[in-house]
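K.L.:
Quick one: this structure, given as structure tokens, is what I'll be asking you about.
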Amino acid sequence: MGKAKFSNGLFFSAQKDCVLIEGSNVTDIKFLSSDINGCNESNGGFGGINLIGVSGEINILGNTFCEVSNYGGAFPMAYGVKVGAGTGKTQIVDNSFWDCTARVVNVSTGNVMLRANNGPSNASMGSCGGNPGLQGNEQHMTISVGTGTPSRCVVNFGSGNFSKAPTCVVSPGPGSVAISSIATTQTQLTINGTKLSGTYFAICQD
Amino acid sequence: MRLRLSVRWGSLLFWASVILMGLACQSEAACPVPNPNINAFIGYQRLIDDCPLPAGTLNRAIMQRPAIVNAPEYCPIIDGTTDNSSCLTSAVATLCSQSPQGGELYLSQGNYLVRDLNMPCPIVIRGAGMSTASINYQGATTAGLRWVVAGFPSITPSHQLWGGGISGVTLTYTSGSADALLVEGFNQWFARDVKIVNPQGGVHIKSGFGQKLDNVRLENVNGFMVKIEGDLSGRKRDGSACSTSSPDCSSRVDFVTLDHINSYSNGVNGHCVELIGFANTIMGEHIACEGFDRGLSITCPAGMAADLSQCPHFIFMNDFQNEFFNSYGLYATDFLDLKMDKPYFYGNAAAANQNNVYIAVVN
Chain A
1 MGKAKFSNGL FFSAQKDCVL IEGSNVTDIK FLSSDINGCN ESNGGFGGIN
51 LIGVSGEINI LGNTFCEVSN YGGAFPMAYG VKVGAGTGKT QIVDNSFWDC
101 TARVVNVSTG NVMLRANNGP SNASMGSCGG NPGLQGNEQH MTISVGTGTP
151 SRCVVNFGSG NFSKAPTCVV SPGPGSVAIS SIATTQTQLT INGTKLSGTY
201 FAICQD
Chain B
1001 MRLRLSVRWG SLLFWASVIL MGLACQSEAA CPVPNPNINA FIGYQRLIDD
1051 CPLPAGTLNR AIMQRPAIVN APEYCPIIDG TTDNSSCLTS AVATLCSQSP
1101 QGGELYLSQG NYLVRDLNMP CPIVIRGAGM STASINYQGA TTAGLRWVVA
1151 GFPSITPSHQ LWGGGISGVT LTYTSGSADA LLVEGFNQWF ARDVKIVNPQ
1201 GGVHIKSGFG QKLDNVRLEN VNGFMVKIEG DLSGRKRDGS ACSTSSPDCS
1251 SRVDFVTLDH INSYSNGVNG HCVELIGFAN TIMGEHIACE GFDRGLSITC
1301 PAGMAADLSQ CPHFIFMNDF QNEFFNSYGL YATDFLDLKM DKPYFYGNAA
1351 AANQNNVYIA VVN
């Protein structure tokens, strides 16, 4: 199987996945600058691009997903991209994910890179004092610590934003105390410190 | 002064000789060697061929034009109900009997009823225009108008013919009775400014190099719009059967250009653009399909080379619009190198089991 490249496309209104690519001999597929919307309008559980056992390299760059998630139908897109078992190197970079239930579902053990994707944030504050706040998105956020000077603040990432525990850098805002440590998982950022207060700036990358 | 007079007299003598020859040829009896095959030639072609110029007066080759046959001179009744198959076949035979073979079959205004017509040599069917010249095809064969080289596919690449095509005509088929156009064994065949109504399938290209479709409109198609299909049934240059180890094969297809092609289907049975097997370098631009089962279908039969070199490859589609497909916008298995820029896939919401794009390896 040779290369396939799709650019500047419009993919609307599929009963199942908009794009389904499967097979170990499929190689070098690119989706560039395309709109992949309205998939899955009459059935539940399907989404934009579904990769099943694709051993070759997949590049999904600069596309828009889920902008009109229920185009003419009742169901939102379950995901923007699903990287299925057995799929190899997949780059998902600089895409916009709008109203997907999950941006990226990754059940692969292969090399999946998520970077600089954006869209409405589905990150939220977990435990962080009384009435904490969060502005920005999973990649760039400002955390406002709640009342009570907690020793730990937790940010919950939305589903499918990172393929693994991201690397994060957290800096205290003016007047805020220094942090003692951070920890990340694929779904959470935890900031530890003594009597956290004020604001903290965080940048996270897959 | 003397030189100027000389030029004037020379010019006058030249034009006088041309006029006199034209007057002489208004009567066939005046022509020195009547040729029964050129009664239908029109315009200057008739003048040139009926009245060969004395050697040395003019370079005959400069004025040579492709042979042109005016269909009404072979078909006295063109009313849409009288079968014109025999008279058009005679016109085609006239063109094919010449050396070099081929030429132009001109369809003036009218509705030609055809039940069977094959062009065994490079014939261009040129109509007076889509709105004035039409062919009403009522044949029972599965292929409608055909450009088929005798003996295909058992011919070598050197036996393929060059040229042929169709333009400026509307083809209307008895619904579902036949595929509209079939091309086998020709290179650089073309269809331009053609409208096709009610065919079973549209344009079927089964071999050749450099075919081109430009500004073709198909309506109410029951099967495919364009099918480009190559295989290994032909012969190599040395006469031996084609094999998976050699690209030299008379039944492969190369360098097809599709430009401004649009169609709608009522049958949802066929695929809009279908690439099968040994078909390479297919370039499409501004293609619109509506109501087909698949928009672009790319498949390769089992038994081709393991490296897929006899499967569709080098496929470039720009601005491929496909609406209300029932199964797939793009169905692609076993191919090499596909690029689509500005594809648009919008599925039929009422149909089940559809993906906009399905890519897999099956063989």
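Protein sequences appear in the order of chains A and B.
Each residue of the first sequence is one higher than the one before, counting from 1 in my numbering.
Each residue of the second sequence is one higher than the one before, counting from 1001 in my numbering.
All C-beta atoms, glycine included, are put in the ideal place defined by N, C-alpha and C.
DSSP has B:Arg1146 in a bridge; who is on the other side?
P.N.:
BP columns for B:Arg1146 point to B:Asn1118, B:Leu1182.
K.L.:
Is the distance from the Cβ of A:Pro126 to the Cβ of A:Asn156 below 7 Å?
P.N.:
The amino acid at residue 126 of chain A is misidentified as Pro; the sequence shows Gly. Yes, they are a contact pair.
K.L.:
Check whether the Cβ atoms of B:Lys1342 and A:Asn8 sit closer than 7 Å, and answer yes or no.
P.N.:
It is a contact, given that the beta carbons lie within the stated cut-off.
K.L.:
Let me know if A:Lys236 comes out buried or exposed under the rule of 16 or more other beta-carbons within 10 Å of its beta-carbon.
P.N.:
The requested residue 236 of chain A is not part of the displayed model; chain A covers only 1 to 206.
K.L.:
Out of B:Gly1151, B:Ile1228, B:Val1256, B:Leu1232, state which residue places its alpha-carbon closest to the alpha-carbon of B:Lys1212.
P.N.:
Nearest of B:Gly1151, B:Ile1228, B:Val1256, B:Leu1232 to B:Lys1212, Cα basis: B:Val1256.
K.L.:
Give me whichever residues DSSP pairs with B:Tyr973 in a beta bridge.
P.N.:
Because chain B spans 1001 through 1363 in this model, residue 973 of chain B falls outside it and cannot be assessed.
K.L.:
Whose Cβ in chain A lies nearer than 9 Å to the Cβ of B:Leu1338?
P.N.:
The answer, in chain order, is Gly2, Lys3, Ala4, Lys5, Phe6.
K.L.:
For A:Gln135, count neighbouring Cβ atoms within 10 angstroms of its own Cβ and tell me buried if that reaches 16, exposed if not.
P.N.:
Per the 10 Å Cβ criterion, exposed.
K.L.:
Classify B:Trp1147 as buried or exposed, calling it buried when 16 or more other Cβ atoms lie within 10 Å of its own Cβ.
P.N.:
It counts as buried.
K.L.:
So B:Asp1293 and B:Asn1326 are supposed to be a Cβ contact under 8 Å. How far apart are they, rounded?
P.N.:
Their Cβ separation, rounded to whole angstroms, is 5 Å, which keeps B:Asp1293 and B:Asn1326 in contact under 8 Å.
K.L.:
Have a look at B:Thr1132 and A:Cys100 and give me their C-alpha separation to the nearest angstrom.
P.N.:
Each residue's Cα considered, the two are about 54 Å apart.
K.L.:
Assuming contact is defined by CB atoms lying nearer than 7 Å, are A:Ile92 and A:Val81 in contact in what I supplied?
P.N.:
Their beta carbons are under 7 Å apart, which means A:Ile92 touches A:Val81 by this criterion.
K.L.:
Please classify A:Asn111 as buried or exposed, where buried requires at least 16 other C-beta atoms within 10 Å of its C-beta.
P.N.:
Exposed, because fewer than 16 other Cβ atoms sit within 10 Å of the Cβ of A:Asn111.
K.L.:
Using only the heavy atoms of the ligand NAP, determine whether one of them is closer than 6 Å to the beta carbon of B:Ile1166.
P.N.:
Because no ligand of any kind appears in the structure shown, any question about the ligand NAP cannot be addressed here.
K.L.:
Answer with buried or exposed for B:Trp1189, where buried requires no fewer than 16 other C-beta atoms within 10 angstroms of its C-beta.
P.N.:
Buried, because 16 or more other Cβ atoms sit within 10 Å of the Cβ of B:Trp1189.
K.L.:
So the alpha helix (DSSP H) A:Val83 belongs to, where does it begin and stop?
P.N.:
First-last for A:Val83: 79-83, but that is the beta strand (DSSP E), not the alpha helix (DSSP H).
K.L.:
If we ignore side chains and look at the alpha-carbon of each, how far apart do A:Gly148 and A:Tyr200 end up?
P.N.:
Their backbone Cα atoms lie some 16 Å apart in a straight line.
K.L.:
Measuring alpha carbon to alpha carbon, tell me which of B:Val1114, B:Leu1113, B:Pro1100 ends up nearest B:Ile1123.
P.N.:
Cα-wise, what sits closest to B:Ile1123 is B:Pro1100.
K.L.:
Does the distance from the CB of A:Asn40 to the CB of A:Phe6 come in under 7 Å?
P.N.:
No.
K.L.:
Would you list, in chain order, the members of the region 1189-1201 of chain B that have their beta-carbon closer than 7 Å to a beta-carbon of chain A?
P.N.:
Within the region 1189-1201 of chain B, no residue qualifies.
K.L.:
Can you tell me whether DSSP reads B:Thr945 as helix, strand or coil?
P.N.:
A query on residue 945 of chain B cannot be resolved here, the shown segment of chain B reaching from 1001 to 1363 and no further.
K.L.:
Please classify B:Leu1336: does DSSP put it in a helix, a strand, or coil?
P.N.:
Three-state DSSP puts B:Leu1336 in a strand.
K.L.:
Could you list which residues in chain B have their beta carbon closer than 8 Å to that of A:Gly80, in chain order?
P.N.:
Per Cβ cutoff of 8 Å: no residues; A:Gly80 is ~14 Å from chain B at best.
K.L.:
For A:Thr64, which of helix, strand or coil comes out of DSSP?
P.N.:
It is a strand residue.
K.L.:
Drop a sphere of 10 angstroms on the beta-carbon of A:Cys18, count the other beta-carbons inside from all chains shown, and report buried for 16 or more, exposed for fewer.
P.N.:
Classification for A:Cys18: buried.
K.L.:
Alpha carbons only, please: which of A:Gly84, A:Gln186, A:Gly38 is nearest the one belonging to A:Gly53?
P.N.:
Considering only alpha carbons, the answer is A:Gly84.
K.L.:
In chain order, what are the residue ranges of uninterrupted beta strand (DSSP E) at least 3 long that sit wholly in the region 16-58 of chain A?
P.N.:
Counting whole runs of 3 or more residues, the region 16-58 of chain A contains the beta strand (DSSP E) stretches 19-22, 29-32, 49-52.
K.L.:
Check the Cβ-Cβ distances between B:Cys1051 and every residue of chain A, and say whether any is below 7 Å.
P.N.:
Caution applies to B:Cys1051, whose pLDDT of 46 falls short of 50 and renders its modelled position unreliable; the value that the coordinates give is listed next. B:Cys1051 does not count as touching chain A.
K.L.:
Rounded to the nearest angstrom, what separates B:Gln1160 and A:Ser13 at their Cα positions?
P.N.:
Whole-angstrom Cα-Cα distance: 45 Å.
K.L.:
Is B:Asn1356 close to chain A? Criterion is C-beta to C-beta, closer than 7 Å.
P.N.:
So, interface residue.
K.L.:
Quick check: is the beta carbon of A:Leu22 nearer than 7 Å to any beta carbon in chain B?
P.N.:
Here residue 22 of chain A is Glu; the residue named in the question, Leu, does not match the sequence. Yes, contact with chain B.
K.L.:
Just to check my reading of the structure: B:Asp1334 and B:Thr1299 have Cβ atoms closer than 8 Å, yes? What is that Cβ distance to the nearest angstrom?
P.N.:
Indeed they touch by this definition, with Cβ atoms about 7 Å apart.
K.L.:
So, for B:Met1304: in the same chain, excluding its five sequence neighbours on each side, which residues have a beta-carbon less than 8 Å away from its beta-carbon?
P.N.:
Leu1232, Thr1244, Gly1277, Phe1278, Gln1310, Cys1311, Asp1334, Asn1363.
K.L.:
Against chain A, does B:Phe1345 count as a neighbour if the rule is that its beta carbon must be under 7 Å from one of theirs?
P.N.:
B:Phe1345 counts as touching chain A.
K.L.:
Report yes or no: is there a C-beta of chain B within less than 7 Å of the C-beta of A:Val83?
P.N.:
Cβ-Cβ to chain B under 7 Å: no for A:Val83.
K.L.:
Could you tell me whether any Cβ in chain B is nearer than 7 Å to the Cβ of A:Lys30?
P.N.:
It does not; no Cβ of chain B falls within 7 Å.
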